[in-house]
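Engineer: In this note's numbering, the protein residues as written are 386 to 817.
Glycine included, each C-beta is placed from N, C-alpha and C at the ideal position.
Sharing a structure here in structure tokens format.
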Amino acid sequence: MSVRSSSQSMLLPFLILHFAVAATSAPDVVAQFEGDVTLSCLFPSQPGMNLQRLTLTWQKERAGAEALVLHSYYYGKEQLERQDQIYRNRTQLDPEGLARGNASLTLRGIRIQDEGVYLCHITSEQGKISVRRQVAVMVQSAPDVVARFGGDVTLSCLFPSQPGMNLQHLTLTWQKERAGAEALVVHSYYYGREQLEKQDEAYRNRTRLDPEGLARGDASLTLRGVRTQDEGVYLCHITSELGKTSERRELRVGAPFSEPQLTFSLSSAGVMLTVHTGGGYPMATVQWLDEAGRDVTAEGATDQQVDEQGLYHVTSWVTVPPATHSARLTFMLTPRVLGAPITWPLSLQLSPGLLGPPASCLGVRLAVICAACLFIVLLAAAFLYRLRQGPAGSRSWRKAEEEEEEQKEISCPIPASPTGREQPARARLGQS
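This is how it looks when you write it as structure tokens:
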């Protein structure tokens, strides 16, 4: 029995040493900004292990200063009296996991300042172990904040704080990035009060900090009366007794478009349907679809104009051919930021002959016009022919008329004489 106990005591240090080396060489942890991350920490355990004798401490290293306490467990329960202020309500252990040798810690709402080295120190009946975790915070893109045109918006910015922190040592600057130029100063705080001498003119009387929030580590900025020009990337830079912090926020501005208005016009080219809507931001996507769902936007045109406030006004039209007696079209406007897509079905019914006479009527009119033209041509030809004959032609024409008159006289019946007898033949010819 004593020999067996001795062999266990010799084997145990080897097992603990091997475990510690394996855990220390674990890869670094990459945490997503504003997400959650679990820092693993495993230690030797055995069934029925007495957790009253387990001591656990999670810490974060600080260069040239005492490590911050994230979470502690001893005397059989979690002990949070010494937990640093910036980790309050953000850490979680699995009590059941401790009995299985799992002291992993979950950290919620990852911030930029959470990046660094974390240490897990454990003392148990099995011995001591320390595990090191290097945490890198990844920001894929600046978190988008969407604001409604004309409304108010709050840009969040949190930083490490502690009770009784001296705000005289706090320096805060909110800036807006500008491509190829120096950033605009939106709001500043230092020497224990707000400093607005360097504030850009565009933000005068439009920004507000919460002084009480600064004492709690909240440097969020409220921007009132949002304009389209406010869109862009904002930076929050903080320097305090606990170090430096920078936050980045991208602000997007949106304004919904008004209810569309429809007008139409008739011409020989067909029916032009025109839709008007405005007051939206940013520029929207416009489509026309036929009843089969095909995109017929290319058969018309769309014009988007910007007013002095930076808002867009849309005019879009499409033409229905005159041969079409009925049509079903759908107007679609898709905003890029705020507001639901506008889908407007349109049904068109054309009365016969509304855009012009039917084809048969056109044929009759064309035939009449051609006959009239032919008559005019023949009349002109006859007139030219007479002109070419000259005076001789005119005399021949008059002689022919005289002979025609004489012939008429010869053919006319001779009236009877009073005596009832016919006159001599020379009398009928008018001879004396």
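Do THR659 and TRP702 have their C-beta atoms closer together than 7 Å?
Structural biologist: The count along the sequence shown starts at 1 and reaches residue 659 at position 274. The count along the sequence shown starts at 1 and reaches residue 702 at position 317. Result yes, Cβ atoms of THR659 and TRP702 sit closer than 7 Å.
Engineer: Below 6 Å CB to CB, which residues in the same chain sit around SER573 once its five sequence neighbours on both sides are set aside?
Structural biologist: To locate residue 573, count along the sequence shown from 1; it is residue 188. Cβ neighbours of SER573 beyond the five flanking positions: THR558 and GLN580.
Engineer: Measure the Cβ-Cβ separation of GLY482 and SER546 and say whether it is below 7 Å.
Structural biologist: Here residue 482 corresponds to residue number 97 of the sequence shown, with the count starting at 1. Here residue 546 corresponds to residue number 161 of the sequence shown, with the count starting at 1. Contact: no.
Engineer: Can you tell me whether GLU582 is helix, strand or coil according to DSSP?
Structural biologist: Along the sequence shown, read from residue 1 onward, the residue named residue 582 stands at position 197. It is coil, neither helix nor strand.
Engineer: For the putative contact between ASP696 and TYR666, defined by C-beta atoms under 8 Å, what is the C-beta separation to the nearest angstrom?
Structural biologist: Within the sequence shown, residue 696 is the residue found at index 311, counting from 1. Within the sequence shown, residue 666 is the residue found at index 281, counting from 1. In the sequence as displayed, the identity of residue 696 is Leu instead of Asp. Correct: roughly 5 Å between the Cβ atoms.
Engineer: In terms of residue numbering, what span does the beta strand (DSSP E) encompassing ARG521 cover?
Structural biologist: Residue mapping note: residue 521 aligns to position 136 of the sequence shown, counting from 1. Arg is not the amino acid found at residue 521; the sequence shown has Ala there. Run containing ALA521: 512-523, per the beta strand (DSSP E) assignment.
Engineer: Just how far apart, CA to CA, sit LEU504 and VAL516?
Structural biologist: Residue mapping note: residue 504 aligns to position 119 of the sequence shown, counting from 1. Residue mapping note: residue 516 aligns to position 131 of the sequence shown, counting from 1. Looking at the two C-alpha atoms, the distance is approximately 6 Å.
Engineer: Residues in the same chain with beta-carbon distance under 6 Å from GLU632, minus the five sequence neighbours each way, listed in chain order, please.
Structural biologist: Position 247 of the sequence shown, counting from 1, holds the residue named residue 632. Once the five neighbours on either side are set aside, the close Cβ partners of GLU632 are CYS542 and CYS621.
Engineer: Which of the three DSSP states, helix, strand or coil, is assigned to ASP615?
Structural biologist: The count along the sequence shown starts at 1 and reaches residue 615 at position 230. Three-state DSSP puts ASP615 in a helix.
Engineer: Can you pull the DSSP bridge partners for HIS554?
Structural biologist: Numbered from its first residue, the sequence shown carries residue 554 at position 169. Beta-bridge pairing links HIS554 to no other residue.
Engineer: Have a look at LEU714, VAL454 and MET523 and flag the residue whose alpha-carbon is nearest the alpha-carbon of LEU674.
Structural biologist: Position 289 of the sequence shown, counted from the first residue, corresponds to residue 674. Out of LEU714, VAL454 and MET523, LEU714 has the C-alpha closest to the C-alpha of LEU674.
Engineer: Quick check on this structure: which residue in ALA725, GLN498, THR423 and THR556 has the alpha carbon closest to the alpha carbon of ILE623?
Structural biologist: By one-based count along the sequence shown, residue 623 stands at place 238. Checking every option, the nearest Cα to that of ILE623 belongs to THR556.
Engineer: Does the separation of the CB atoms of THR670 and GLN498 fall below 7 Å?
Structural biologist: Within the sequence shown, numbered from 1, the residue matching residue 670 stands at position 285. Within the sequence shown, numbered from 1, the residue matching residue 498 stands at position 113. The answer is no: Cβ separation not under 7 Å.
Engineer: Can you tell me which of the three DSSP states GLU562 falls into?
Structural biologist: The residue given as residue 562 occupies position 177 in the sequence shown. It is a strand residue.
Engineer: Counting Cβ pairs closer than 8 Å, one from the stretch 482-497 and one from the stretch 414-425, do we hit at least three?
Structural biologist: These segments touch.
Engineer: Considering just the uninterrupted stretch of the alpha helix (DSSP H) at GLY598, what are its terminal residues?
Structural biologist: Against the sequence shown, residue 598 aligns to sequence position 213. GLY598 -> alpha helix (DSSP H) spans 596-600.
Engineer: Roughly how many whole angstroms lie between the Cα atoms of GLY433 and GLY512?
Structural biologist: The residue labelled residue 433 in the question sits at position 48 within the sequence shown. The residue labelled residue 512 in the question sits at position 127 within the sequence shown. Straight-line Cα distance between these residues: approximately 16 Å.
Engineer: Applying the 10 Å Cβ sphere with the 16-neighbour rule, what's the burial state of ARG518?
Structural biologist: On the sequence shown, position 133 is the one that residue 518 refers to. With 16 or more other Cβ atoms within 10 Å, it is buried.
Engineer: Quick one: is ALA765 buried, meaning 16 or more other Cβ sit within 10 Å of its Cβ, or exposed?
Structural biologist: Sequence index remark: in the sequence shown, residue 765 carries index 380 (1-based). Exposed is the call here.
Engineer: Hey, would you say GLY536 sits closer than 7 Å to VAL638, going by beta carbons?
Structural biologist: For the purposes of this step, residue 536 is identified with residue 151 of the sequence shown, where counting begins at 1. For the purposes of this step, residue 638 is identified with residue 253 of the sequence shown, where counting begins at 1. It is not a contact, given that the beta carbons lie outside the stated cut-off.
Engineer: Quick one, are the C-beta atoms of MET327 and GLN417 less than 7 Å apart?
Structural biologist: Residue 327 falls outside the range modelled here, since the chain spans only 386 to 817, and no answer is possible.
Engineer: When burial is assigned at 16 or more other CB atoms within 10 Å of the CB, is ILE761 buried or exposed?
Structural biologist: Here the question's residue 761 lines up with position 376 in the sequence shown. Label assigned to ILE761: exposed.
Engineer: Going straight from the alpha carbon of GLU510 to that of GLN431, what length do you get?
Structural biologist: Reading the sequence shown from its first residue, position 125 is the one you call residue 510. Reading the sequence shown from its first residue, position 46 is the one you call residue 431. For GLU510 and GLN431, the distance between alpha carbons rounds to 10 Å.
Engineer: Assuming VAL502 and VAL414 form a contact by the criterion Cβ under 8 Å, report the distance between their Cβ atoms to the nearest whole angstrom.
Structural biologist: Along the sequence shown, read from residue 1 onward, the residue named residue 502 stands at position 117. Along the sequence shown, read from residue 1 onward, the residue named residue 414 stands at position 29. That pair is no contact at about 11 Å.
Engineer: Where does the unbroken beta strand (DSSP E) through GLU635 begin, and where does it stop?
Structural biologist: The count along the sequence shown starts at 1 and reaches residue 635 at position 250. 628-639 is the extent of the beta strand (DSSP E) around GLU635.
Engineer: What's the call for LYS583, buried or exposed, on a 16-neighbour Cβ count within 10 Å?
Structural biologist: Stepping through the sequence shown from its first residue, residue 583 is reached at position 198. Answer is exposed; the Cβ neighbour count stays below 16.
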